[in-house]
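Protein chains in written order, with the numbering used here: chain A, 4 to 182; chain B, 4 to 182; chain C, 4 to 182; chain D, 4 to 182. Cβ coordinates follow ideal geometry from the N, Cα and C atoms, glycine included. Heads up, the thing below is written out as structure tokens.
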DNA sequence: GATGAATGAGAGTTCATTCAT
DNA sequence: GATGAATGAACTCTCATTCAT
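Set out below in structure tokens:
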């Protein structure tokens, strides 16, 4: 969908504040009326963008875990971190803008579900290998916070090496969960 | 300054979107004209708010380090993390709103300087104890990302125990830097 | 015509503001393109709706008068009032919405003609029995105003007894005309 | 207030549909921002217009009744009808547009109150002289419907003689209530 | 004929900022 | 200095209408 790609590019190049419905429509070479035929509101447009982003992440994570079940906590975390870092750095500015948008607007139901599935997937790995003192929900939340925080910062700083980033994220997460 | 406190309270209770110059002036019991005599623009007002927040953090960090120089990396990180967690959880919603605002507006020079001083202070501790493989700037950025990411998430989730949070942050940071 | 009935139902249940061409087409199970093949504009659609409504009223009035010519002013007014009250209360919300629409859009020629025939029919009864001081056109206009005003108000208030309403309308009209 | 008078004139000359906030502001020689400083919404603007109109009517009715209490039903109705006819014919198109607006938007509280006081005033006169079979509320509603219906129609037809109109309204109302 | 994606003028509303008093 | 009425560009969203298929 041209509108989605246009919106993504605006988010990417000029940030959340620059994303207006008119700008998205114009950039997509489409009238504002058409935009509203595809998306009932600006929120819906942004939510769909976020949902696709997260759906891509979820698919990548599932693919990784199904290809080869993690043999240890370190193995699992390392591989999940690599996927997440890759996803975030691919279109770093876009990913950050979407993170911000998610924090601002009440979660779309579909997006919510996708996010919960990602959370469950991570929680599963944690539960399997790391009988942490802290409840799994807290640990999962912390893991997400670390991944998101570090990848956002890396993206903002212009880093573009997912492998190096993933390695650092892995160390931090293992430290958090660690022995 | 009444205007700053008013703006802070709006940010805290109703978020970045609700902070309008008129709302801040009214809440401060001051005319909008006066607000613009103190601050040349809304950006400047928000930047000043962020600067004070960071100045407070900087002062607290300096006080901690000067009271007793860190004996080890673990000792240093643990104490810095506690300060940072405390600062962020004290007025969690405000801190998050400011983080978000900072991400959106081009950095104010004064604020930039304050942030750099905090960075330098942390970098000093790292340099002293952790001859990391990664350059110190990257390590510092990562440490900040972890602290900010985890405390924001904790704040959003309603956590209010700085000690527990600080302990988890410490584990993650030491993991990142660690052997 | 499915479109007309769909438009009528929207008018009835959700009022003039909710009647959009797209809504009418969708409700009729017809494409918006087809709607515009039947009716050149929204105005034309609404006018046709109003015309049918009035045509129904006209037919009922004619049937009543032809079945048994009025024996007196009171008899004539009473019977006409009953017909009018019945027509208006049958689909009260629809009738009111149409009244409102008529007031807003420049009169359609066909609708105008139908309305004039109703006027002539009433004027005939008046002329026959009531040599009023006022010119017949004024009297006719007043009679319509009373009937429409009272039935609209009754409909809005949720009345649904045409007989009682007709009795009151009759008293008012006879008072207007009477000695 | 310039905005109110501008809005009134638009209503008067071009009807409810032509009244847009931009049009009202422009005609008042005021920016759209200023309009919204006086009135928080278009609804509020229209409601205030209606409220003033009705407040004027209420004041006139009270003045009339207090100057000389009605001696009979006929006397009371005649005098109230004259006031109402005068008020409606003074700015007939405006009055009609406001009637229509009132029917479309949920009643403003203040306006509601004014209308209730007018209703109570009329109901008092009815109660005093006309122990009707019908409940007073129905009678009051009918009286209003007759007055409004006849005056609207008269205004639309270009009548401008309040005395003649009032005489006809009086006959109709007395017929309704009559012996 | 029928379809429905596309159009775009225009609606109501917000808010950072200015400037005469 | 302080005030706050005034500004207007910009925003989200609607809907009657068109026209290529």
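Beta-carbon contacts of residue 157 of chain A that lie in its chain and below 6 Å, excluding the five residues immediately before and after: 168.
Whole-angstrom distance between residue 145 of chain A and residue 99 of chain A, CA atom to CA atom: 18 Å
Mind checking the region 14–29 of chain A against chain B and listing, in chain order, the residues whose C-beta falls within less than 8 Å of any C-beta there? 18, 19 and 20
Expressed to the nearest angstrom, what Euclidean distance is found between the alpha-carbon atoms of residue 160 of chain D and residue 113 of chain D? 31 Å
Closer than 7 Å, Cβ to any Cβ of chain D: which residues of the region 102–124 of chain C, in chain order? Cβ contacts with chain D: 103, 106 and 107.
From B/140, B/11 and B/44, pick the residue whose C-alpha is nearest to that of residue 93 of chain B; which is it? B/11
Taking 9 Å as the cut-off, decide whether the C-beta atoms of residue 153 of chain B and residue 148 of chain A are in contact. Going by C-beta atoms, residue 153 of chain B is nearer than 9 Å to residue 148 of chain A.
Grouping DSSP H, G and I as helix and E and B as strand, with all else coil, what is residue 163 of chain D? Residue 163 of chain D sits in coil when the DSSP states are folded into three classes, being neither helix nor strand.
Output, in chain order, the set of chain B residues within a Cβ distance shorter than 9 Å of residue 83 of chain A. Under the 9 Å cutoff, chain B gives no residues; its nearest Cβ is about 15 Å from residue 83 of chain A.
Hey, is residue 60 of chain D's beta-carbon within less than 9 Å of any beta-carbon in chain C? no
Residue 40 of chain B and residue 111 of chain B - do their beta-carbons sit closer together than 9 Å? no
Looking only at C-alpha atoms, which of C/181, C/165, C/179 and C/103 sits nearest to residue 82 of chain C? C/165
In chain C, which residues lie less than 8 Å from residue 179 of chain D when you measure between Cβ atoms? What residue 179 of chain D touches in chain C: 171, 174, 175 and 178.
So, are the CB atoms of residue 67 of chain A and residue 86 of chain A less than 9 Å apart? Cβ distance < 9 Å, so residue 67 of chain A and residue 86 of chain A count as in contact.
For chain B, find out if any of its Cβ atoms is closer than 9 Å to the Cβ of residue 86 of chain A; answer yes or no. no
Residue interval of the alpha helix (DSSP H) (run including residue 71 of chain D): Run containing residue 71 of chain D: none; DSSP gives neither H nor E here.
For residue 144 of chain C and chain D, any beta-carbon pair shorter than 9 Å? Interface residue (Cβ-Cβ distance to chain D less than 9 Å): residue 144 of chain C is classified as such.
Helix, strand or coil: how does DSSP classify residue 94 of chain B here? coil
Spatial distance of residue 2 of chain D from residue 127 of chain C (CA atoms): The question about residue 2 of chain D has no answer, for chain D in this structure spans 4 to 182.
Looking at the unbroken alpha helix (DSSP H) that takes in residue 128 of chain A, where does it start and where does it end? Unbroken alpha helix (DSSP H) run through residue 128 of chain A: 112–132.
With a cut-off of 9 Å, does the C-beta of residue 128 of chain D fall near any C-beta of chain C? Chain C places no beta carbon closer than 9 Å to that of residue 128 of chain D, leaving this residue out of the contacts.
Could you check what DSSP says for residue 108 of chain D in three-state terms: helix, strand or coil? coil
Measuring alpha carbon to alpha carbon, tell me which of C/171, C/64 and C/62 ends up nearest residue 179 of chain D. C/171
Using a Cβ cut-off of 8 Å, pull out every chain D residue sitting near residue 153 of chain C, in sequence order please. 145, 148, 149 and 152
Within 9 Å of any Cβ in chain A, is that where the Cβ of residue 50 of chain B sits? no
Could you please give the first and the last residue of the uninterrupted alpha helix (DSSP H) stretch that includes residue 36 of chain D? Here the alpha helix (DSSP H) through residue 36 of chain D covers 35–41.
Taking only three categories from DSSP, how would you classify residue 26 of chain C? DSSP places residue 26 of chain C in the helix class (H, G or I) of the three-state scheme.
Inter-residue spacing [alpha-carbon to alpha-carbon] between residue 163 of chain D and residue 142 of chain C: 16 Å
In chain A, which residues lie with their C-beta within 7 Å of the C-beta of residue 160 of chain B? 144
Between residue 59 of chain C and residue 90 of chain C, is the Cβ-Cβ spacing less than 9 Å? yes
Compute the distance between the beta-carbons of residue 61 of chain B and residue 124 of chain B, then report whether it is under 9 Å. yes
Indicate the three-state DSSP secondary structure (helix, strand or coil) for residue 4 of chain C in the structure shown. coil
Contacts of residue 100 of chain B in chain A (Cβ-Cβ under 8 Å): What residue 100 of chain B touches in chain A: nothing, since even the nearest Cβ is about 10 Å away.
Residue 24 of chain D and residue 38 of chain D closer than 9 Å at C-beta: yes
How is residue 142 of chain B classed by DSSP in three states: helix, strand or coil? helix
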